[in-house]
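Chains as they are written, first to last, in the working numbering: chain S, 225 to 675; chain W, 225 to 675; chain P, 225 to 675.
Only one structure is covered here, and it is reproduced in the block below.
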Amino acid sequence: MFDRFQTDFDLLDQSFDHLFPLFRSITGPGIEASIDYFRQFMPLEVKKIPTGSEVFDWTVPPEWHCKRARLWAPDGTLLCDTEVNNLSVVNYAEPVDGTFSLEELEPHLHSLPDLPDAIPYVTSYYKRTWGFCMSHETRQSLQPGQYRVLIESDFKDGGVPYATCVLPGDSDREIMLTSYLCHPSLANNELSGPLTLLALYRRIKAWPKRRYSYRFVLNPETIGSLCFLYDYHNHLREKLEAGLIVTCIGGGAPGLRYKASRRGNSLFDSLAMRFTNGKEEGPLPFSYMDFTPTGGSDERQYCAPGFNLPMGQVARAAYGFYDGYHNSHDTKDFMGIDNLVESVDALEHFLSLGEIAGNPVNHSPFGEPQLGKRNLYPNMNSEKTRSDSNDALSDGRTSLERLLWVLNMADGQTSLAEIADKCGCSIGELKGIIERLEEEKLISYHQKDPV
Amino acid sequence: MFDRFQTDFDLLDQSFDHLFPLFRSITGPGIEASIDYFRQFMPLEVKKIPTGSEVFDWTVPPEWHCKRARLWAPDGTLLCDTEVNNLSVVNYAEPVDGTFSLEELEPHLHSLPDLPDAIPYVTSYYKRTWGFCMSHETRQSLQPGQYRVLIESDFKDGGVPYATCVLPGDSDREIMLTSYLCHPSLANNELSGPLTLLALYRRIKAWPKRRYSYRFVLNPETIGSLCFLYDYHNHLREKLEAGLIVTCIGGGAPGLRYKASRRGNSLFDSLAMRFTNGKEEGPLPFSYMDFTPTGGSDERQYCAPGFNLPMGQVARAAYGFYDGYHNSHDTKDFMGIDNLVESVDALEHFLSLGEIAGNPVNHSPFGEPQLGKRNLYPNMNSEKTRSDSNDALSDGRTSLERLLWVLNMADGQTSLAEIADKCGCSIGELKGIIERLEEEKLISYHQKDPV
Amino acid sequence: MFDRFQTDFDLLDQSFDHLFPLFRSITGPGIEASIDYFRQFMPLEVKKIPTGSEVFDWTVPPEWHCKRARLWAPDGTLLCDTEVNNLSVVNYAEPVDGTFSLEELEPHLHSLPDLPDAIPYVTSYYKRTWGFCMSHETRQSLQPGQYRVLIESDFKDGGVPYATCVLPGDSDREIMLTSYLCHPSLANNELSGPLTLLALYRRIKAWPKRRYSYRFVLNPETIGSLCFLYDYHNHLREKLEAGLIVTCIGGGAPGLRYKASRRGNSLFDSLAMRFTNGKEEGPLPFSYMDFTPTGGSDERQYCAPGFNLPMGQVARAAYGFYDGYHNSHDTKDFMGIDNLVESVDALEHFLSLGEIAGNPVNHSPFGEPQLGKRNLYPNMNSEKTRSDSNDALSDGRTSLERLLWVLNMADGQTSLAEIADKCGCSIGELKGIIERLEEEKLISYHQKDPV
């Protein structure tokens, strides 16, 4: 199905154009149409948690169906229209059909004095209200008089959807990649995330070997991740090795900002720290930040104390770090399809090192294995062979010494990151040795005792 | 019963005057009368461990009843008389009725050459001997001749008493406050300790809420604490959260010296370190010292390796740090009733933070609780509400961010001290948030699994 | 049996002269005769693991019996002869009887261009080949022509031997001392190791008290230690407290280099670190190095991840750190019998501190024991006795304070090294106190719960 797109750029560019205009919310036709688009490329299973369900401390809200919302000036000018910009109405606004003086209208208007030409994005999912979002320039031009309001919205029983699929690997231990899909017509926050997941799905599907299984998840933010967790938290506690919440992954910053999981020591936390410290190299620079529950996205749910899942979050210019955050300046131009492709490259590289960054297990741990018979050690011991790694390779024993470190430390308790430190090299530089030892069945990954 | 004292100052002042002249030892009428005084105010249960009992490695000694002890000079002058100063005789002196040359008497005399006007305090509980304590000035004036000695003492079967009572709280986990009561006519070491306990009892009894139960213990030093431990060590191992041995808590130093428990990481150890580091503020400065078994008081018993109880010790000028230590210079003036009241204020504040310094437990740990419905989060998400803590409070989200940290870290494994560090504030500054979350039943303390 | 040697010097000197000429390999008559020599002095049990046995990842090789190997120049000069120097043939060379041109011979010759007068030591145990070792001077003088080769060797079924014995102590927990015995006619690497073990056996046998049992092991390097481990690894995992692989322990360096076990925290690791840091003193300086699996001796087997035994290695100028390593310059003169005796002194001292460096257990842990009745505390408490350690010793309480620290920390979880740090003194300085407390049955060692 990916065949019609020659490049990731084409895939992301055309998908963006399809998805951007859809009038999304956390429920309703917009998000469902969006998920359907992704289902063309990924075998997503979609589940809808019914309105009224108790999901942990939350209650699933009714679906919001908003046909159209409009605001007319006293002179009949159309000031706001969701068919022009679907940010124009407060998301989850209740239906209104009436006439209001400017004074009555004022509390229902939202604009950004500091960014006078931008339309803000405002939501009120759990407390009934209504309102319009407009540029501050427009707002300042409003004259006294009677304003006509028509919000054709409706609240229906339905539910909150989420979508997930898995690319299976050698182990049933999972790496999870997730992003949220609920904001209407905002590019960096949020289409950048789901689009990056789509491209990563295509890349990882093409890998010749996957040591882990890869789970992909799309959901509306907060309530959607809670619904997903409601169904999957036991599964994830058992199977999840590490994961990334991907968000704001387009423009605005030259590198990736990795926000650690609450644990602070997950596979990806440690790996991201190595990139930050310059111990590993990749297409984009990394910067590591500690977990905080005071802001952010779905990590506030995944990293709640009752779950404490090893989920990090990765962004470029995150929520709050660019002017266009949650307003109409968050455009395709700002995000940049080329930036997305760059991020996809960097994340694929990160994930490929994540494949081996865990704890290898030596299957011949009782003494040194007899390496000579596998041509992994010089068969003759003489002055001449003391700089050989084996009968064919004379490299000052660099390769042999790394191999001996890997075998000695591969006790299932020690990460390849720690082993690389002992070797004084990067995980990337150990990749060839790891693959050779896997071929010889001298080591493997994921031999964790299930107890 | 406290009613007749308007202030703590009155209570402590009048109690001091009653208790100071009593002729105490580790057993016998003096300590029993002293305990009886405290029983007017606190529902102390008194237990007496019989003479001859094996208490761990020790044997409970006989009671010492000393009616009076006198020493006359050859010219008939009365040199020592316990009715003048009950430090005059070696505590636990055997009965003597005889006449001795100065040369024979010398090995039985105790004085302080460096403090020539002070009468020292000398004991010999476990090895029979006798002697008199006098000022060095007096001693130097002694002339050769025959000295008359009359020590009207007696050893009787009886026992070592201890006294304890509890102020119950929400949890049966205990905070223990203890002091020793055996020294005759010494003020800072020792009446300051029991008197401070008495005032703290009155204060804590008046608290509107006690999260812990508070146990108060009075006993003669060393053997008394061993007798108490003999009966209570299993109970304490199970129930004791933290405790303080209160001693030398009057004059001689501007602040409190906290000596940590052997564990070095008890609730109070960590809290005292925060006061020492300036992370918490209170009426008196704190200084933290590590545990040592080489000196000190009953912590040598509580913190023996077989008990290893979380008992710290708190003092101002501790034993050995002031000239009047164990001699007649240790007076009410030196101790100072006003100093005691200051210490009571500081310790009550310390204990009030101890109430919440432990590990809170989030009762809604699966994701963030829905805070908006409890008016703990802004219900609308817009540019305007991004500096609000809730629909009513706009404080740059300081309060909300602290609340989110508390909820996220309240996993029952993490202390409020650690959480305060994450918030960049003091435990004291989190008190209001803790109380609010307790009201909402979102957190509580002491949910430790009993297994 | 040691009686005929007045001194360790005599014992080691005469034993060296007997053992040096024996034509050793990892199997066969040379090593067996060598072990037989040691059996005169130590009750070694010898076991032979049969040729063809699977030992972990290895297969026990056939025995190599080499009667003699010679190489003649075209003019009939005898160039190499194992009866002149048993390094002359590649160890485990296959039998050859033929004539070769210089060109054909060249790939079978081994010499050291950088050390032109030395004969190298070359082995090829697991890949069949043959060759001669000669000085580079000789090699450079070789002229074209036909060379006669006669290697009278044979491969027979037999096995790999190892030898072990135990000096029993108060506990069945073991200290293990091991060295390898397979190199022919090399002094520092290797006779220094087995000879040092022999002298240590004599010393430790004479100790009045052994808290641990001491196991001694001799084996051919690598395959021999694997054979020993094959039989003993469960035993060692259960009983081994710590051990030393002793090698290259003669000349070339002024002090001892201790290479830590893989654990990095064994009894001996911690003790060696104290010597390195100057916290303990002894006859020779120590330097500590971290474990590495990339080089070394039998620690590569003992410290493989499947065993992870607390085995350190001790050397002076280790393999690779002196010119004579694995060649004919490694002579008795280089090694030095006097150096060996120095090492024996230093190791005996190290082991004697190892006896008490573990975790003492207080048998009267419930409070302070009543020390006064044991004359370990002043029986009278007065100003005068406040610098006495007991009724007989006035030392500013130095001794009493150390004793109180030992008793308080002797919880079976804390090493005497940690206790010494609390006391601000060395383990050596606590020896007398430990012995006194052992006499009083107040402490003992090795009370570890077997579960």
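All C-beta atoms in this analysis are idealised placements derived from N, C-alpha and C, irrespective of residue type, glycine included.
Residue i and residue j closer than 8 Å at C-beta
i, j, result
"W/Phe169", "W/Thr388", "Outside the modelled stretch of chain W, which goes from 225 to 675, sits residue 169 of chain W, for which no answer is possible."
"S/Ser335", "W/Met604", "no"
"S/Arg427", "S/Ile473", "no"
"P/Leu366", "P/Arg294", "no"
"S/Phe280", "W/Gly591", "yes"
"P/Leu631", "P/Ala644", "no"
"S/Asn443", "S/Tyr350", "no"
"S/Thr275", "S/Glu256", "no"
"W/Gln637", "W/Asn586", "no"
"S/Arg363", "S/Leu326", "no"
"S/Cys451", "S/Val384", "yes"
"W/Phe492", "W/Ala528", "no"
"W/Glu438", "W/Phe265", "Note on residue identity: the sequence assigns Tyr, not Glu, to residue 438 of chain W. It is not a contact, given that the beta carbons lie outside the stated cut-off."
"P/Ser239", "P/Leu419", "yes"
"S/Gly545", "S/Gly656", "Looking at the sequence shown, residue 545 of chain S is not Gly but Phe. No; because the gap between Cβ atoms is not below 8 Å, this pair is not in contact."
"S/Gly530", "W/Pro517", "no"
"S/His670", "S/Ser395", "yes"
"W/Leu508", "W/Val470", "no"
"S/Val568", "S/Asp237", "no"
Beta-carbon proximity list for residue i, same chain, < 8 Å, skipping 5 on both sides
i, result
"S/Phe244", "Ser409, Ala411, Leu415, Lys556"
"S/Ser494", "Ala581, Ser639, Ala641"
"S/Gly652", "Glu504, Glu505, Leu577"
"P/Ile193", "Nothing about residue 193 of chain P can be read from this structure; chain P reaches only from 225 to 675."
Strand pairing of residue i, partner residues [DSSP]
i, result
"S/Thr347", "S/Asn315, W/Asn605"
"W/Pro274", "W/Gly383"
"P/Met535", "P/Gly467"
"P/Asn443", "P/Tyr404"
"P/Asn551", "P/Pro344"
"P/Thr689", "Chain P is shown from 225 up to 675; residue 689 of chain P falls before or after that span and cannot be answered."
"W/Ser511", "W/Arg481"
"P/Tyr438", "P/Leu391, P/Ile399"
"W/Arg294", "W/Asp305, W/Leu374"
8 Å Cβ cutoff, residue i in contact with chain C
i, result
"S/Asp554", "No chain C is present in this structure, whose protein chains are S, W and P."
CB-CB length for residue i against residue j, believed under 8 Å
i, j, result
"P/Ser623", "P/Leu311", "58 Å between Cβ atoms; not a contact."
"W/Ala297", "W/Tyr371", "7 Å"
"W/Lys291", "W/Glu376", "4 Å"
"P/Ala423", "P/Leu235", "6 Å"
"P/Tyr549", "P/Asn413", "6 Å"
Cβ shell of residue i (< 7 Å), same chain only, five flanking positions each side left out
i, result
"S/Pro337", "His360"
"P/Met497", "Tyr512"
"W/Leu302", "Arg294, Trp296"
"W/Leu617", "Ser623"
"P/Pro319", "Ile375, Glu376, Ser377, Asp378"
Close Cβ partners of residue i (< 6 Å) along its chain, the five nearest in sequence each way excluded
i, result
"W/Leu468", "Leu401, Gly536, Val538"
"P/Val346", "Val314, His334, Cys357"
"W/Glu579", "Arg435"
"S/Met633", "Ile643"
"P/Trp629", "Ile643, Lys646, Cys647"
task: Any chance you could list the alpha helix (DSSP H) runs of at least 4 consecutive residues sitting entirely within the stretch 326-409 of chain W, in chain order?
output: 326-329, 360-364
- request: Mind listing, in chain order, the continuous alpha helix (DSSP H) runs of no fewer than 4 residues lying wholly within the stretch 566-625 of chain W?
  value: none
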